[in-house]
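For reference, the structure discussed in these notes is given below.
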Amino acid sequence: MMNIKKSTHSEWSSRLAFILAATGSAVGLGNIWKFPYITGENGGGAFVFVYLLCVLLIGIPIMIAEVMLGRRGHRNPIETMELLTEEAGADKNWHYLGWMGVIAGLLILSYYSVIAGWASAYVVKAFTGSFFDANAVAIKTVFDDFVASPVRLIFWHSIFMLATMMIVVRGVNNGLEKAVQYLMPSLFVLMFLLVAYAMKMDSYYQGLHFLLFPDFSKLTGSSILTAMGHAFFTLSLGMGAIMVYGSYLPKNISIAKTALLIAGADTLVALMAGIVIFPIVFSNNLHPDSGPGLIFQTLPIAFGSMTGGWLMGILFFVMLVIAALTSSISLIEPAVAWLVENRGFSRVKACVWSGSLTWLLGLGTVFSFNVWSNVKLFDRTIFQLLDYLTANLMLPIGGFCIAVFAGWIMKRQHSEQELNMATELDYIRWKVLISYVAPCAVFFVFLHVIGIF
Ligand code: TRP
Numbered sequence: 289m290m291n292i293k294k295s296t297h298s299e300w301s302s303r304l305a306f307i308l309a310a311t312g313s314a315v316g317l318g319n320i321w322k323f324p325y326i327t328g329e330n331g332g333g334a335f336v337f338v339y340l341l342c343v344l345l346i347g348i349p350i351m352i353a354e355v356m357l358g359r360r361g362h363r364n365p366i367e368t369m370e371l372l373t374e375e376a377g378a379d380k381n382w383h384y385l386g387w388m389g390v391i392a393g394l395l396i397l398s399y400y401s402v403i404a405g406w407a408s409a410y411v412v413k414a415f416t417g418s419f420f421d422a423n424a425v426a427i428k429t430v431f432d433d434f435v436a437s438p439v440r441l442i443f444w445h446s447i448f449m450l451a452t453m454m455i456v457v458r459g460v461n462n463g464l465e466k467a468v469q470y471l472m473p474s475l476f477v478l479m480f481l482l483v484a485y486a487m488k489m490d491s492y493y494q495g496l497h498f499l500l501f502p503d504f505s506k507l508t509g510s511s512i513l514t515a516m517g518h519a520f521f522t523l524s525l526g527m528g529a530i531m532v533y534g535s536y537l538p539k540n541i542s543i544a545k546t547a548l549l550i551a552g553a554d555t556l557v558a559l560m561a562g563i564v565i566f567p568i569v570f571s572n573n574l575h576p577d578s579g580p581g582l583i584f585q586t587l588p589i590a591f592g593s594m595t596g597g598w599l600m601g602i603l604f605f606v607m608l609v610i611a612a613l614t615s616s617i618s619l620i621e622p623a624v625a626w627l628v629e630n631r632g633f634s635r636v637k638a639c640v641w642s643g644s645l646t647w648l649l650g651l652g653t654v655f656s657f658n659v660w661s662n663v664k665l666f667d668r669t670i671f672q673l674l675d676y677l678t679a680n681l682m683l684p685i686g687g688f689c690i691a692v693f694a695g696w697i698m699k700r701q702h703s704e705q706e707l708n709m710a711t712e713l714d715y716i717r718w719k720v721l722i723s724y725v726a727p728c729a730v731f732f733v734f735l736h737v738i739g740i741f
């Protein structure tokens, strides 16, 4: 039997608290900012189809596995992997998985915070009426001018990192639970209102067609990889974030049902964002492949022209910032938890160190939109490189290892006991997905991208 060291780890107050926090981690810039622009860049429907397939066959089983590993280990990802490796009598090297997760989290947060900074700046722009009656050209100019200024980007990036640190210092289940409780439902309501607005536009069906009608001739190896990487990114999988949240989960809660609920909510928000944005793109003769600025160049047009748009604009960007905050917390928590539990840092010191490092890294992304926009490595700017490295490589590799660990290394009796599914059949379904389907799918996508398959 495993020897459970006395742990200082706390627990969520209820199942709802966990669902809210994990949904808070999943729903963020990935759904509202990234999903529409990568869908636009990768041709629409067929890309969305692959993404949905990946969520279903790879994302959900891996989410169940990550929560399970976290709850069984009851520690930060690095120590959880150490402990579970010992329990399974497996090779020590498995704990590097925890390490890769900590590093991936900080790398993602470095650019995530810069984009969340844009959203914060747009709260002020919405408030001061910058979008009022503005046309698409004027709104694009506002955006281009903004990202051309390193000083302004650094300012907002710093504000966002500070806010993240201030929340993380207080611990994951102090305050965070309450914030998410109100945020999630409000975000849904606002998205529904925007969808209602989009439905009245002439180009609504053109937008819907672009988003949902799959034209498989537009699918390339790299867009398949991007779709798979995004399934990991949007569900916060592959780096231990959900593992950390799972580690605070009380023992008597059904992991599988909870994971389905979280993945469902996350997918819904992304699809709603797409339904809102593409009609605006087409009715204003904009291009779906405008890149990371897409939502900042489209949504303000809607806010500038609709009744009540001033207030809607402010509310929307405020909620986007809060949604980003509840995600960014989960990106840095693995590093902080490890420094505190393993290196004896105080929580404050751990936050200051990991936060400063991330802030510094973020400058690379800031400059890649202006002064270093021509600095390219492998044909990519620093921002694009970081995004590719983390979302398309590190997260799927991390997820692959988690699947192999949960499916092949961990003893069956342990996973069965931990998951405690309603029926034996449910367990077997998951076991097949996690042992065969998910790892093989990731593997074949990689082979496909390097041209072997
Ligand atoms: N899922 C979040 C989003 O969609 C981003 C995120 C938070 C994340 N934690 C993560 C991505 C952990 C990968 C891993 O915005």
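When you read off a place in the sequence shown, starting at 1, and then add 288, the result is the number in our numbering.
Using N, Cα and C, we set each Cβ at its ideal position, and we do this for glycine too.
Please read all numbers here as calculations on a predicted model, not as lab measurements.
Boundaries (first-last residue) of the alpha helix (DSSP H) holding residue i
i	result
Val-343	Premise fails: Val-343 is in no alpha helix (DSSP H) and is neither H nor E.
His-736	726-737
Val-744	One cannot answer for residue 744 here, as it falls past the ends of the chain, which runs 289 to 741.
Lys-719	712-720
Met-351	348-361
Ala-436	Here Ala-436 belongs to no alpha helix (DSSP H), and DSSP marks it neither H nor E.
Met-369	365-376
Gly-328	323-329
Phe-306	303-314
Cα-Cα separation between residue i and residue j, rounded to whole angstroms
i	j	result
Phe-323	Pro-576	12 Å
Ile-366	Leu-681	20 Å
Ala-547	Val-425	42 Å
Ala-623	Leu-341	31 Å
Val-730	Trp-598	44 Å
Ser-524	Val-628	22 Å
Leu-707	Trp-660	48 Å
Ser-618	Pro-684	18 Å
Phe-521	Pro-349	15 Å
Leu-481	Trp-696	46 Å
Asp-503	Pro-727	27 Å
Met-472	Ser-703	31 Å
Tyr-339	Thr-327	10 Å
Trp-718	Ala-553	20 Å
Cys-639	Ile-447	15 Å
Leu-608	Tyr-400	12 Å
Gly-526	Leu-587	31 Å
Lys-413	Phe-476	23 Å
Gly-652	Ile-670	6 Å
Val-720	Trp-626	32 Å
Val-456	Gly-643	10 Å
Ala-309	Ile-530	10 Å
Ala-551	Tyr-492	26 Å
Pro-580	Ala-422	21 Å
Met-290	Ala-519	With a pLDDT of only 39 at Met-290, under 50, the local geometry of the prediction cannot be trusted, and the value read off the model is given with reservation. Spanning the two alpha carbons is a distance of roughly 33 Å.
Phe-605	Gln-701	47 Å
Ile-541	Ala-694	19 Å
Phe-657	Gly-358	37 Å
Tyr-724	Phe-688	11 Å
Gly-528	Ile-352	12 Å
Phe-732	Ile-738	10 Å
Gly-509	Gly-331	13 Å
Asp-714	Ala-691	17 Å
Leu-385	Gly-686	7 Å
Ile-589	Gly-632	50 Å
Problem - Unbroken stretches of the alpha helix (DSSP H), 4 residues or longer, contained in the stretch 529-613 - result: 529-535, 543-571 and 582-593
task: Determine contact between the stretch 328-335 and the stretch 503-514, defined as no fewer than three beta-carbon pairs at a distance below 8 Å.
output: yes
### Those runs of the alpha helix (DSSP H) which lie wholly inside the stretch 445-526 and span at least 4 residues
464-487, 492-500 and 509-522
(Q) Measuring CB atoms only, is the stretch 669-678 touching the stretch 375-382, in the sense that at least three cross pairs come out at less than 8 Å? (A) no
Is there contact here, the stretch 590-604 with the stretch 477-492, by at least three beta-carbon pairs under 8 Å? yes
Practice item. Return the chain-ordered ranges of every alpha helix (DSSP H) run that is complete within the stretch 629-704 and spans a minimum of 4 residues. Key: 635-656, 670-675 and 683-692
Practice item. Report yes or no: do the stretch 441-457 and the stretch 401-410 share at least 3 C-beta pairs separated by less than 8 Å? Key: yes
Inset, instruction - Determine contact between the stretch 406-423 and the stretch 386-396, defined as no fewer than three beta-carbon pairs at a distance below 8 Å. - result: no
Spell out a yes or no on whether the stretch 491-506 and the stretch 562-571 are touching, meaning 3 or more CB-CB pairs, one atom from each, closer than 8 Å.
-> yes
Exercise for the section: Kindly confirm or deny that the stretch 312-321 and the stretch 601-617 touch, where touching means at least three C-beta pairs closer than 8 Å. Expected result: yes
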